[in-house]
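Student: Sharing a structure here in structure tokens format.
In the numbering used here, the protein residues as written are 1 to 485.
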């Protein structure tokens, strides 16, 4: 296999298995396991490949993708050959998204489905959506529009008596799979185009950006959101895949005719968005509380999930190898990658799930939803990233310890090694932007907003104390507990 071109390695490229990205510690290779799911043995196999072909560091991104770091030009061809031969990744060599959809790692068929079909899918929706993916052809092309807390605490109380996943109103996992299959047949979609498929239950995906959103709003029904501006529907879940495929194909056609003016859905005026599919305008779905991101999740007797976070989305091959072995020992056969930068181990008895979650905590992973590290987003930083101007991940770890009470109160923190904002494109209560070894301090904004100060790390920590400047600014902006509206 030929080495990737410099164009494929350019900074800002959306990396994949076939087209890695050059970083400060070698090549970053992003893996897209089929359905974002693995078996325990497959998790162990990927850990072994990370050691053999990279530096052993493994990350999970905010889109639920796995990344291997430190791969070399010499080792990359062998790594790719193994991943493809063993079906550990679902890759294509086209220019569109390698992974189009995002669904909850806890997604399950709703109770009303009345039984499961092939592969644990509800029979009626599974049958309809699989055939949709096999038979869909793009619709006629319309004319283009005018562009316009503490870590040491026991995990025993992490059990949640409610139903965090099975309360979904649709089977988000099978709908996401059907949309992925349809998307492969539609050329011209931007590489970072994304469809969020939200079952409408307790595991809300409201915090994740998407060009298009499909949200369960009633049993067996969804509402479709375009560019977070227009909501259309409702439509039956078994027809939603066809509607989404129509939207994707029409958008790709418009984009092909005006590529400089139409890059993403948000570039279209609102009246054009409503033309993308023949559905009435609908009210947006009701807001839901933020979901738990770690702990135990009960779906009924014999079906409990344990979800653990990787600190700042990073772990190593030895840890994941031990996790795979422990998951197998506790009867887990279904592992899902989490967009909260973690791993969900599904389908265990309650005692096994409790034991496995406790084991993840012993390895230094995040087993409780009140762990302050879950409120911090950080990129790899220097020296792992060529663009980074600070050691973002190491500094984030220091900050998580230093301001744990603020984080436990609900403060969100983003530590970025540069202005690119790889770890979190959206706004945070406090954003630190790496600049020549120091940090630009942004309150209630993104890396691209104006900074109120530029400080070294010790200066940031000092001014986050009560009565100091940054603390006062956060309080005035309503970003601290007791000041939020």
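Don't be surprised by glycine CBs; every beta carbon is placed ideally from N, CA and C. Computed from a prediction, not measured in an experiment: that's the story for all the values here.
(1) Determine, using beta carbons only, whether residue 301 comes closer than 8 Å to chain D.
(2) Please work out which residues of its chain come closer than 7 Å, Cβ to Cβ, to residue 71, disregarding the five sequence neighbours upstream and downstream, and give them in chain order.
(3) For residue 261 and residue 103, what's the separation of their Cα atoms in angstroms?
(4) Tell me where the alpha helix (DSSP H) around residue 53 begins and ends.
(5) When you compare the CB positions of residue 469 and residue 437, do they come within less than 8 Å of one another, or not?
(6) Compute the distance between the beta-carbons of residue 413 and residue 395, then report whether it is under 8 Å.
(7) Pick out the complete beta strand (DSSP E) segments inside the region 300 to 342, 3 residues or longer, and give them in chain order.
(8) Just the C-alpha distance for residue 177 and residue 23, rounded to the nearest angstrom, thanks.
(9) Is the beta carbon of residue 332 sitting closer than 8 Å to the one on residue 248?
(10) Does the structure place the region 208 to 222 close enough to the region 185 to 196 that three or more beta carbon pairs sit under 8 Å?
(11) According to DSSP, is residue 104 helix, strand or coil?
(12) Thinking C-beta only, is residue 422 closer than 8 Å to residue 434?
(13) Helix, strand or coil for residue 474 per DSSP?
(14) Can you grab the Cα-Cα spacing for the pair residue 222 / residue 289, in whole Å?
(15) Please name the residue, chosen from 252, 271, 280 and 273, that lies closest to residue 234 on a Cα-to-Cα basis.
(16) State buried or exposed for residue 458, treating a residue as buried only when at least 16 other CB atoms are found within 10 Å of its CB.
(17) How is the alpha helix (DSSP H) around residue 486 delimited, first residue to last?
(18) For a quick check, are the C-beta atoms of residue 107 and residue 172 less than 8 Å apart?
(19) What does a CB cutoff of less than 6 Å around residue 350 pick up in its chain, not counting 5 residues either side in sequence?
(20) Any chance the region 282 to 296 sits against the region 311 to 324, with 3 or more Cβ pairs inside 8 Å?
(21) Please list the terminal residues of the continuous beta strand (DSSP E) segment that includes residue 23.
(22) With the cut-off set at 8 Å, would you say residue 381 and residue 392 are in Cβ contact?
(23) Leaving out five residues before and five after residue 51 in sequence, what residues of the same chain have Cβ atoms less than 7 Å from its Cβ?
(24) Find the nearest neighbour of residue 341 within the set 60, 300, 31 and 49, judged by alpha-carbon distance.
(25) What is the residue span of the beta strand (DSSP E) that residue 455 lies within?
Tutor: Looking at the atomic coordinates:
(1) Looking for chain D here will not work: only one protein chain is present.
(2) Scanning its chain for C-beta atoms nearer than 7 Å, with the 5 sequence neighbours on each side dropped, one finds around residue 71 the residues 20, 26, 27, 29, 53, 54 and 79, in chain order.
(3) Approximately 30 Å between the Cα atoms of the pair.
(4) Boundaries of the alpha helix (DSSP H) around residue 53: 40 to 53.
(5) No; because the gap between Cβ atoms is not below 8 Å, this pair is not in contact.
(6) No, Cβ-Cβ distance for residue 413 and residue 395 is not below 8 Å.
(7) For the region 300 to 342, whole beta strand (DSSP E) runs of length 3 or above, ordered along the chain, are 304 to 309, 314 to 316 and 334 to 338.
(8) Using only the alpha carbons, I get a separation of about 31 Å.
(9) Contact: no.
(10) Touching, yes, given that three or more Cβ pairs across the two stretches are closer than 8 Å.
(11) Looking at residue 104 - three-state DSSP - the assignment turns out to be coil, as it is neither helix nor strand.
(12) With contacts defined as CB atoms closer than 8 Å, residue 434 and residue 422 fail to qualify as a contacting pair.
(13) Residue state, collapsed to three classes: helix.
(14) Straight-line spacing of the CA atoms in residue 222 and residue 289 works out to 19 Å.
(15) Minimum Cα distance to residue 234 is reached at 280.
(16) Label assigned to residue 458: exposed.
(17) Residue 486 lies beyond the range of the chain shown here (1 to 485); nothing can be said about it.
(18) Yes, they are a contact pair.
(19) When the five nearest sequence neighbours on each side are left out, the beta carbons in the same chain lying within less than 6 Å of the beta carbon of residue 350 are those of 304, in order along the chain.
(20) Inter-segment contact for the region 282 to 296 and the region 311 to 324 is absent: fewer than three beta-carbon pairs are separated by less than 8 Å.
(21) Residue 23: member of the beta strand (DSSP E) spanning 21 to 23, first to last residue.
(22) Yes, these two residues count as a Cβ contact at 8 Å.
(23) Answer for residue 51: 317, listed in chain order.
(24) Distance from the Cα of residue 341 is smallest, within the candidate group 60, 300, 31 and 49, for 60.
(25) It spans 453 to 455 - the beta strand (DSSP E) in which residue 455 sits, taken as one unbroken run.
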